[in-house]
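Residue 504 is where the sequence shown starts when you use my numbering, and the numbers rise one by one after that.
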Amino acid sequence: MGVIAYLGVGANLGRPEEQLQIAKALLRSHYAIRILKSSSMYRSDSIGNSPYNHHGLDSYINAVWQIRTSLPPYRLLSVLQSIELRLGRKRGRGGRNFPRKLDLDILLYGERRFSSRSLTIPHPRMQQRRFVLSPLSEISPRLLVPGFGRVQSLVNRSHIKAQTVELLAI
């Protein structure tokens, strides 16, 4: 049976589209994970106070995948981090919002809400990011994000609409 979870995926170093496809294939090969839906890919600029913003570095490519898994959240996180490492992500370098070969985040895990040092669900900044909300809205617009509301309502907030994301051709 399992739990429905949503993963935010992104990359901006190397060949991001290829990295995401390889990550998807690796995830599909896991016995306890089944990908149910995949959004289109979206391009977005870097966010936050990274020194890489506005310096001509490659934009991020992002998507959202809906999965069914029998893994508990921390085990799922471990699987995602092992895929990131396998595909060249260097943990502990640069911090949040810095360039990376691959970023796999658990956005939602069923209807659960919890927080620890290593994992917060729902993802603590997902409701602020159009590059997460637009692809999530594409595959599950009526989805309720615990503590924040329906995805479609979140996407329509003015500060979210002001963020630029570009839907990439399939």
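Heads up, the beta-carbon is just placed ideally off N, CA and C, and yes, glycines get one too. Here the structure is a predicted model, which means the values were calculated and not measured.
Rounded to whole angstroms, what's the CA-CA distance from S585 to E521? Just pull it up for me. CA-to-CA, the gap between S585 and E521 works out to about 17 Å.
Looking only at DSSP bridge pairs, what is N565 linked to? Answer is G513 and Y545.
Might you give, ordered along the chain, the residues of its own chain that have their beta carbon closer than 7 Å to the beta carbon of P649, omitting 5 neighbours on each side? A distance below 7 Å between beta-carbons, with the five flanking residues on each side excluded, links P649 to the following residues of its chain, in chain order: E614, R616 and P625.
Is it buried or exposed, A526, if we count other Cβ atoms within 10 angstroms and call 16 or more buried? Counting the other Cβ atoms within 10 Å of the Cβ of A526 gives 16 or more, which makes it buried.
Scan the segment 608 to 649 and note each continuous beta strand (DSSP E) run of 3 residues or more that stays entirely inside, going in chain order. Taking only runs of at least 3 residues, no beta strand (DSSP E) segment lies wholly in the segment 608 to 649.
Best match in G513, V668 and L583 for proximity to L530 [C-alpha to C-alpha]: Measuring from the Cα of L530, the nearest candidate turns out to be L583.
8 Å contact criterion, which Y563 and S549 should meet: CB distance rounded: The pair is a contact, with the Cβ atoms about 7 Å apart (cut-off 8 Å).
By how many angstroms is the C-alpha of L646 removed from the C-alpha of R518? Going from the Cα of R518 to the Cα of L646 covers about 31 Å.
Per DSSP, which residues does R653 bridge with? Please list them. Partner(s): L647.
P627 burial status per 10 Å Cβ neighbour count (16 or more: buried): P627 comes out exposed.
In three-state DSSP terms, what is A508? Three-state DSSP puts A508 in a strand.
Give the DSSP-derived three-state secondary structure of R537 in the structure shown. Looking at R537 - three-state DSSP - the assignment turns out to be strand.
Is the segment 537 to 547 close to the segment 602 to 611, with three or more CB pairs under 8 Å? Counting Cβ pairs under 8 Å, fewer than three are found: no touch.
So is S621 buried or exposed if we call it buried at 16+ other beta carbons inside 10 Å? Burial state of S621 is exposed, judged by a 10 Å Cβ sphere holding fewer than 16 other Cβ atoms.
Give the single residue among Y577, R632 and S643 whose Cα lies nearest to the Cα of W568. Residue S643 holds the alpha-carbon nearest to the alpha-carbon of W568 among Y577, R632 and S643.
Tell me V668's beta-bridge partners as DSSP assigns them. Partner(s): S547.
Give the straight-line distance between the Cα atoms of S661 and T667, rounded to the nearest whole angstrom. Rounded to the nearest angstrom, the two C-alpha atoms are 12 Å apart.
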